[in-house]
Amino acid sequence: MAKKVSIKDVAKAAGVSTATVSNVFSGKKPVNDDLAAKVRAAADRLGYQVNKAASLLRSGKNSVVSVLVPDLSDPFFTSIITEIEHLATDDGYEIIVGNSNDSVDREAGRLDALLAWQPAGLIVIPCSGKVPGRLRTPGQPPCVFLDRVAEFSLADTVTIDNAGAGAMAAQHLVDMGHRQVLVAASDLELAPIRQRAQGAEAAVRKGGGSVQFVELGSDPQLGAEALAAWFDTHPSPSAIVATNDMTTLAALSYMASRKLDLPGQISIVGFDDYAWMQARRTGITVIKQPVEEIASSAWDLLKERMSGDAADIVNRVHDCSLIIRDSVRGISAPAGEAAALGAPRPAGGGAAAG
0 MAKKVSIKDV
10 AKAAGVSTAT
20 VSNVFSGKKP
30 VNDDLAAKVR
40 AAADRLGYQV
50 NKAASLLRSG
60 KNSVVSVLVP
70 DLSDPFFTSI
80 ITEIEHLATD
90 DGYEIIVGNS
100 NDSVDREAGR
110 LDALLAWQPA
120 GLIVIPCSGK
130 VPGRLRTPGQ
140 PPCVFLDRVA
150 EFSLADTVTI
160 DNAGAGAMAA
170 QHLVDMGHRQ
180 VLVAASDLEL
190 APIRQRAQGA
200 EAAVRKGGGS
210 VQFVELGSDP
220 QLGAEALAAW
230 FDTHPSPSAI
240 VATNDMTTLA
250 ALSYMASRKL
260 DLPGQISIVG
270 FDDYAWMQAR
280 RTGITVIKQP
290 VEEIASSAWD
300 LLKERMSGDA
310 ADIVNRVHDC
320 SLIIRDSVRG
330 ISAPAGEAAA
340 LGAPRPAGGG
350 AAAG
């Protein structure tokens with residue numbers, strides 16, 4: 000077995016003291032740019048890796064923040080992580096990420112592993128919406144909960160107006176003349192998904208329409224198969240409201256598998272906004288979550304708690320926006336409604352703030 004490269008080896012190769020090497024990698028004291036580059040080059044050449052655990056013990060200050068998410072394959076969660084990492088790095092922190100894979104048991108194990116680092120703080124998106132048991136016990140680091148939040152009295156939270164987001168999506172369909180709407184949910188047991196579905200239902204019913212619901216899970220391929228089975232046994236709606244990015248992808252995959260024309264045969268309002276939603280023959284109208292603002296709120300709240308702020312718990316709520324593209328067609332309102340509702344607008348591009 001090859002001998003592990005030490006800080007002394009790097010110092011010797013770079014022709015500097017071990018203190019200089021330590022300062023380069025810890026940032027504890029400034030080091031001349033040229034000298035720092037020389038040290039990093041020597042470290043790269045030797046394959047040196049910083050022992051973060053040892054550094055933390057020596058310094059007596061933990062600059063690690065742990066982030067726990069339900070599913071690293073979901074672009075929404077990775078987008079949140081990316082934004083938090085940028086903010087943490089700017090403030091001199093490192094982040095360690097845990098993935099619960101939508102399993103309560105695995106979530107508990109990942110949380111134990113993250114807490115073993117004795118992090119300065121945690122940002123947690125629970126996989127079930129319920130606060131993990133370990134975080135209910137006294138003596139835990141400061142924590143901020145995001146997204147899948149069902150309890151708002153245990154710690155600071157950052158969420159969106161979920162009911163408002165669902166209503167915004169459905170109202171756009173109603174305004175375009177749609178009255179038969181299917182709400183494609185991942186899991187209605189999750190409070191945010193249930194609230195989005197309820198908001199959509201309220202808007203459609205207020206507009207004189209009817210709503211059906213289908214649960215598709217968190218796997219887009221399995222969701223597409225579940226949606227196909229649903230359409231095989233139910234009358235087809237004129238439009239779909241998706242409640243997250245995975246159900247959006249499931250619905251689009253189903254349409255592609257059946258070669259359905261979008262929006263000629265069925266319209267859709269998706270959830271979350273990524274580059275691929277525009278890089279299509281038909282751009283997808285979506286409800287966009289303010290990812291940067293969510294991450295910034297979470298980091299600001301956690302920083303305050305890590306600095307000793309003991310003020311009352313904060314529940315911060317962000318609004319979403321409707322991005323109008325081409326995936327919703329205008330249809331004629333039923334007789335008697337046109338005068339009351341106004342003629343539906345033609346589908347088109349552009350963006351409207353929610």
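Its first residue numbered 0, the sequence shown is counted upward by one per residue in numbering that gives the first Met the number 0.
Built from N, CA and C at the ideal position, the CB exists for glycine as well.
Scanning the segment 279-315 for uninterrupted beta strand (DSSP E) segments of 3 residues or longer gives 284-287, listed from N- to C-terminal end.
For Gln-194, the secondary structure class from DSSP, reduced to helix, strand or coil, is helix. Annotation: the continuous alpha helix (DSSP H) that includes Ala-12 extends over 6-13. If you check the CB distance, Asn-61 and Pro-118 come in under 8 Å. If you draw a straight line from the Cα of Asp-160 to the Cα of Gln-211, it is about 22 Å long. Rounded to the nearest angstrom, the Cβ distance from Leu-321 to Ile-286 is 6 Å, consistent with a contact under 8 Å. Looking at the backbone, the Cα of Asp-111 and that of Arg-105 are separated by about 10 Å. Apart from sequence neighbours up to five positions away, the residues of its chain that approach Asp-186 with a beta-carbon distance below 8 Å are Ile-192, Glu-214, Gly-216, Ser-217, ordered along the chain. In the displayed model, Gly-269 falls within a strand according to three-state DSSP. In the three-state reduction of the DSSP assignment, Gly-216 falls in the coil class.
Taken through DSSP and simplified to helix, strand or coil, Ala-149 comes out as coil. The DSSP-derived three-state label of Gly-46 is coil. For the segment 86-142, the full-length alpha helix (DSSP H) segments reaching 4 residues or more read 103-114 along the chain. Non-local beta-carbon contacts of Leu-153 in its own chain, meaning distances under 6 Å to residues more than five positions away in sequence, involve Val-130 in chain order.
A residue is called buried once 16 or more other Cβ atoms fall within 10 Å of its Cβ, and Ala-223 is buried on that count.
With 16 or more other Cβ atoms from the protein chains shown falling within 10 Å of its own Cβ, Arg-324 counts as buried. The segment 250-261 and the segment 221-238 touch, with three or more beta-carbon pairs separated by less than 8 Å.
A residue is called buried once 16 or more other Cβ atoms fall within 10 Å of its Cβ, and Trp-275, having fewer, is exposed. Here the alpha carbons of Gln-277 and Arg-135 stand approximately 42 Å from one another.
Ranked by Cα distance from Glu-200, the options Arg-304, Val-180, Gln-264 are led by Val-180. In the three-state scheme derived from DSSP, where H, G and I count as helix and E and B as strand, His-317 is classed as strand.
Beyond the five residues adjoining it in sequence on each side, Ser-326 comes within less than 8 Å, by CB distance, of Leu-261, Pro-262, Ser-266, Ile-267, Val-268, Gly-269, Thr-281, Gly-282, Ile-283, Thr-284, Ala-346 in the same chain, given in chain order. For the 8 Å CB-CB criterion, Val-30 and Val-9 do not form a contact. Between Ile-94 and Glu-84, the CB-CB gap stays under 8 Å. Between the segment 121-128 and the segment 62-71, the count of Cβ pairs shorter than 8 Å is three or higher; the stretches touch. The three-state reading of DSSP puts Val-64 in strand, counting E and B together. Leu-187 carries a coil assignment under DSSP once its states are collapsed to helix, strand and coil. The continuous alpha helix (DSSP H) containing Ala-250 extends over residues 244-256. In the three-state DSSP reduction, Ile-330 falls in the coil class, being neither helix nor strand. Under the three-state reduction of DSSP output, Ala-241 falls in the strand class. Look at Ser-21 here: in three-state DSSP terms it is helix. Taking a C-beta distance under 8 Å as the contact criterion, Ile-79 and Gly-176 do not qualify as a contact pair. Spanning the alpha carbons of Arg-147 and Asp-311 requires a straight line of approximately 21 Å. In this structure, the CA atom of Gln-48 is about 50 Å from the CA atom of Val-182. Within 10 angstroms of the beta-carbon of Gln-220 lie fewer than 16 other beta-carbons, which makes it exposed. In the structure shown, Leu-181 adopts extended strand secondary structure according to DSSP, grouped into three states.
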